[in-house]
Every structure is written in structure tokens, then in C-alpha cells.
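See below for the structure under consideration.
2 protein chains.
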Amino acid sequence: MSRITSEDGFLTLIDRHFPRRHAAVPLHRGDDAAVIETPGRVCLTADLFLEDVHFRRAYFTPKDIGCKSLAVNISDLAAMGAVPLGFALVLTSPEDADATFWDGVFSGMAGLADALELPLVGGDLNRGPSVALAVTAWGGPGPSGRFLTRGQGRPGDALFLVGDVGLAAVGLFVLEAHGRDAIPDWPAAAAAHLRPAVRVQAGLALAGIPGVRGLMDVSDGLGADLPRFLAPGTGADIRLDLKALHPEVARHAAALGEDPVRAAFLGGEDYALLGAADPAALPDIMAAAPGAWPIGTVAAAPGVSLNGRSVTGRGFDHFESTPCSS
Amino acid sequence: MSRITSEDGFLTLIDRHFPRRHAAVPLHRGDDAAVIETPGRVCLTADLFLEDVHFRRAYFTPKDIGCKSLAVNISDLAAMGAVPLGFALVLTSPEDADATFWDGVFSGMAGLADALELPLVGGDLNRGPSVALAVTAWGGPGPSGRFLTRGQGRPGDALFLVGDVGLAAVGLFVLEAHGRDAIPDWPAAAAAHLRPAVRVQAGLALAGIPGVRGLMDVSDGLGADLPRFLAPGTGADIRLDLKALHPEVARHAAALGEDPVRAAFLGGEDYALLGAADPAALPDIMAAAPGAWPIGTVAAAPGVSLNGRSVTGRGFDHFESTPCSS
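Structure follows, in C-alpha cells:
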């Protein structure tokens, strides 16, 4: 396909991938604003997915870009225990991103949207210096009627994860070093970086378990996100066993002579769910959320320990460094 | 002030300008998603405000940038006849945009948000190649219970505007040519480009007049937006009288040897409201919406005429040219 020379050409491409009919969208794309039917309480999140900051065209396929740009937002809704309801998309396209590229992006995005029956209700298209996708997504409460938030864990609560940590950071490292040639050797790590799992069903199931007190998604690494998750005045005693880490995390750390547990603790962008719960609820949690595993306990005093040693290191701050440029 | 070196520094600056308490926001910024209370039906819009595409730092003050980035979204809600309820903000900051700059941006944005009692519920901060602000805003229906949409005019309906057309295009032209030195000579035109009016009260009042059939905001110019506003199969006979145009539009056209009526018809970014109504409602409209003026009639056949002559020219297409770079 060729260069997109008009806004109408872009809109036609979007119409091909995203249906204009949805029961909860009385007025779809094309007016000054969309009209959507909403429950009385919704949760809403907005995240940017920006070329050379969050992804590189060198090793993300257009489908990967489309899928992940939506997935990182859906992960925030999953971490609220919410049912995703819809999204809006603002994008910029540089001159060298042609219709074939955008067809792939929209295809990847529509794959995830279709699986969740999510309408794209509108947004804004612009020329810009690089490929950028800013998604705003919203969701409603599930059958439990509640959203899961941060700052809810109590001393003695169990801390648990749903999903791996440290795996996407390995993916980033090997993709930066070798591009897509790294994929055969590091299939799980590359997939964790290129196409992170969204855990909507797990989030919903966890919201339905009364003993689950709070939930967030680990986007900047467990080390950086734990302090944001804990209630003021509390801390955490984290126990990460090498055997519980993904084999690719262990193999990569061995190759670099690094501590695999520390790498797993600091690595960002896995979008695992981090929860706090009454320890008595752990069996229910592990049955309801495949991939759930206990990682420690909420402590009665501030500070975080990892396998018995106090840690001060943090993960990823967007204004200190970026995962692609570091 | 100095360079912003951490995400926390940025968040502190945002907290200083945007209060964290709002009756309709049970869970404010800082979690995976915000939780907002919503009416059963909301309208939602998202627009990007991008450096060197929509504005230049050479002649927009930081306050102008903050104000206009929100205003263009609020204008979409006004054009729905909606009550604005809240917004989310995604931004990118290049290295050379420091805390003083962002303090000004947030101050300008908060000025408009405070006037409308709008909460900033969350968003995303990133380093990026240029200053970009992507706002998602939403609103609910006013006392009339309805939203005003496009495609509703019937043959014989009156077409009307609330606000000037062509004025912001003059502002863009003179600001591009002379920077802020142009302001004393072209105060209204420069203001129309730098700080467009938002017509929330007018939109709400119009939604309350049963004879008003539909409304949109004219962002790309009357020539480009009329075809988007008219119902399929209908057209428009537009009558623009030189005397009804802003004196700065007439003066600028005279200086360039251009037709002022054509300039007013094609000029974009005024964010005037364009409406269609039963002609019998015109007195009510002009009483309820200060600045409203009739501009013609919906025709029974496709095509647009301007002062009796058929027009084919269009306004502004983001993928054909941009207002700042053309």
C-alpha cells in the first residue's frame, strides 16, 4: 500500500478494522464527540506508546505496535478488576509510515479489541515527528461491583503476583542487541516485551474474592512499583525463589553474570498483576487466577526487603531513563 | 525554575495546579486508573495539541499552550450541547522544556479547568521529541437531556454560527509572519488563534431550544466542515456579508488583496459553533447565544453555494497541509 495522503484515507482504513456499531455506543466516530452508555461509575486510564521511547520499529512489527499500545491500557483496567468497555485513540504519523504500516497497526489493535468486544469510539489523527499512539480506555465494575486499588494491604497480608517479572526486561535487552534474530533463542522474553499479556479475566476473578484487598499492574518493575502499592507506613518482605522465575530470566542473568533475583525484582514492563490479600484467600486466588504465585508479606513498618536483605534500588522512572534508550 | 528530572517532580507540579478532590471523582490521580462517577450517557472526545503542527513555542506563551490544548477539546463538548465533566492528559516533554515552562502550561490549563470546575483525573507523562498534549475530555447532557449532533439539518432550516469565522486564520498568518509583535495590530485575530473562546454556555442553551436540530464546532474552516455537518443528500446556501465579518478579517484581506468573504469561509480554527435550526427558532437562538448570527439555509440538494456562487474549495485537511507549516 502507499502513502496516506488524506485524513479521509486514514479514516477509511480505521473503518475497515474497527466496526462502527456497538450496543453501548449510541453515537460512534465522526461527530464532535462520541456518545457512550456508561455504568454509574467507570474507571479510566490514558497511556502513551511512543516510538523510540516505548518501542522501536526496528523490531516491533506493526501488529505488535498496535496490540501493545492498547494492551498497556487494558492492563491498567485489569489491575482495577474492571470490565473494559471502550477506548479512544490519538495518533501521530510521520511521513515514512505508510498505509501498509498503519494497516498492520490497526490489525494488531483490532485483534485485542475484538477479543474484548471493545469499541474504538473516536480520537484524532495528525502528522507528527514519530509514530505515537495515545489510548484512553475505560471500564466498568464486574459482578463484584468493586474496583481494586492500591494502598489497601494490611500488615500480615500475603503479596502475590499474577504473571512473570523480569521477563520483559530480558526481552528488551536481547531485542535491542539482536533485533528479531533474538526471538528463536528468547521466545518467551521477546513475547513478553512485544506482546504483553492482558489479564482481564484474572483481574475480574480477583475482584470477586473478598479476601483480595488491592491490586495494581507492575509496569515499572516490582522494585519501583511496590512502594506505590503499599499503604503508607507499611513495608514488604519479598521472597523470590530462583525456581519461581522464568527459565529465560535465569539463563539471561547467568549469561551476564548478574543476580537473576535482582534482575527479576527490578525489571519493568511485564504488566504482571501485584496483589495483597488475606493469606486465607491464597488458595482461592491461585485457583481463580492461573499464573498467580505468592511473593511475600506486607510488613508493619516501612521498607522493602528482598530475600531477607533490605533494598533501596528502584526500577524505572520515565524522567531518569527510558527502557529503549538506556 | 529548573529542568524536571523525575516523574515525581512533574507530578508535584501537576498537584500544585490541579486539586485532587472532586465530588464526582471517588478515586483521583495516582492509581492504575481513576474512578469517576458518570451519568448513564456521556460524550467523549480526544484531541492532540502538537508543537509545530498546532502551535509554536515562538509565539504561544506556556499559558496559551495549556489553555488552548484543553479548549479545543472543551469546544467539541460545547458543540454537543454537553456539560463538561472531566479530562485526562497525556503529555510529552522534550529536554528543553523546563519546570518554568510546564508551570505556565499547567497554569493556563488550570485556569480553564477551574472556571468549568473540571477535574484532571489522570494521564501519562513521557519524554518525547517535542511538546505534545493529548487531552481526552468527557461531558454529560445538560437539563435538556439531549446531545446535539451533525447530520440533523432539514431542507429549509436556518444555518447559524456562534462566533467569528476567518479570524483565527488571520491570527495564524500574522503570528507566523511577525510573532507576538503582531498582537497590537491584530489583537482579536491573535487572541482567536492563541486563546480560542469555548462556548459551553451557548452549546447548553442551544440544546435547550427544541427548534435547534444539530450543532458542531468549526475547527477546519466553514468550507471543510459544512459537508461534514449537512445530512446526506442536502446542501447549503451560505450568505456571508462583509459587514458581518470581524473588521480584522476585512482589513487583513484588503492588505493582501484577497476576498475577505472567501477568507472567512475557508479559514480554520475559530471553533465557532455551526448550527441548523427551524427558522422560527432564530429569535430564541440569538437571544440565548450571544454572538449567534444566521449564515444561510439548508438546501434540498447536495452542493454548497457562497453568496450565490457554487463552491468546491475545502478547508484544512491534516494530511494535506498543516496550519503552521503551510
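Protein chains in written order, with my numbering: chain A, 79 to 404; chain B, 79 to 404. In this text, a Cβ means the ideal position worked out from N, Cα and C, and glycines have one as well.
If you keep only unbroken alpha helix (DSSP H) runs of at least 4 residues inside the region 292-319 of chain B, you get 300-307.
B/Val243 sits away from B/Ala314, with the two beta carbons spaced by 8 Å or more.
Put simply, of A/Leu126, A/Ala267, A/Leu237 the residue whose alpha carbon is nearest the alpha carbon of B/Val213 is A/Leu126.
By the beta-carbon neighbour count (other beta carbons within 10 angstroms, threshold 16), B/Gly201 is buried. The Cβ neighbour count for A/Pro310, taken over all protein chains shown within 10 Å, is under 16; the residue is labelled exposed.
By the C-beta criterion, the region 133-152 of chain B is judged to be in contact with the region 179-187 of chain B, since at least 3 inter-stretch pairs fall below 8 Å.
Chain order gives the chain B residues near A/Ala212 as Val168, Ala212, where near means a beta carbon separation below 7 Å. Counting along the chain, B/Thr90 sits inside the alpha helix (DSSP H) bounded by residues 85-95. Taken atom to atom, the span from the alpha-carbon of A/Ala275 to that of A/Tyr349 is near 7 Å.
B/Asp125: member of the beta strand (DSSP E) spanning 119-128, first to last residue. Interface flag for A/Arg134 against chain B is unset, since no Cβ pair is found closer than 8 Å. Measuring C-alpha to C-alpha distances from A/Leu351 to each of A/Ala367, A/Glu173, A/Leu360, A/Pro361 identifies A/Ala367 as the nearest. No Cβ-Cβ contact shorter than 8 Å links B/His95 with B/Ala166.
Under the 10 Å beta carbon count, B/Thr390 is surrounded by fewer than 16 other beta carbons and is classified as exposed. Distance check between A/Cys121 and each of A/Val161, A/Gly144, A/Val103 places A/Val161 closest, using alpha-carbon atoms only. Legend: CB atoms of the region 118-146 of chain B lying less than 7 Å from CB atoms of chain A belong to residues Gly118, Arg119, Val120, Cys121, Leu122, Thr123, Ala124, Asp125, Leu126, Leu128, Val131.
In its chain, beyond the 5 residues on either side, Gly159, Val161, Gly220 have a beta carbon closer than 7 Å to the beta carbon of B/Leu282.
The alpha-carbon of A/Pro305 is positioned some 11 Å away from that of A/Gly299. As computed with DSSP, B/Glu254 is found in no beta bridge at all. With a cutoff of 8 Å on beta-carbon distance, A/Val290 and A/Leu284 are scored as near each other.
Here DSSP, grouped into helix, strand and coil, assigns A/Ile82 to coil. Apart from sequence neighbours up to five positions away, the residues of its chain that approach A/Arg99 with a beta-carbon distance below 8 Å are His106, ordered along the chain.
Straight-line spacing of the CA atoms in A/Trp371 and A/Ile316 works out to 12 Å. Among the CB atoms of chain A, none fall inside 8 Å of the CB of B/Pro274. A check of alpha carbon separations from B/Ala215 across B/Thr123, B/Thr227, B/His330 identifies B/Thr123 as the nearest. Within chain B, no residue has its CB atom less than 8 Å from the CB of A/Asp315, the nearest being about 24 Å off.
For B/Val113, the nearest beta carbon of chain A is closer than 8 Å to its own beta carbon. By the criterion of a C-beta distance shorter than 6 Å, A/Ala246 is surrounded in its chain by Ala270, His271, Glu347, Asp348, once the five residues flanking it on both sides are discounted. As a beta-bridge residue in DSSP terms, B/Thr214 pairs with B/Ala124, B/Ala166.
Interface annotation for the region 344-365 of chain B against chain A: empty, criterion Cβ-Cβ distance under 8 Å. Under the Cβ criterion of 8 Å, B/Thr227 is counted among the residues facing chain A.
Taking a 10 Å sphere around the C-beta of B/Ala332, we find fewer than 16 other C-beta atoms and assign the residue as exposed. Non-local C-beta neighbours of B/Ala112 in its own chain, meaning closer than 8 Å and more than five positions away in sequence, comprise Val103, Leu105, His106, Ala166, Val199, Gly200, ordered along the chain. Linking B/Gly234 to B/Gly217 through their CA atoms gives a straight-line distance of about 31 Å. Taken in chain order, the complete beta strand (DSSP E) segments of 3 or more residues contained in the region 169-227 of chain A are 198-205, 210-219. Using a CB distance cut-off of 8 Å, B/Ala285 does not count as an interface residue toward chain A.
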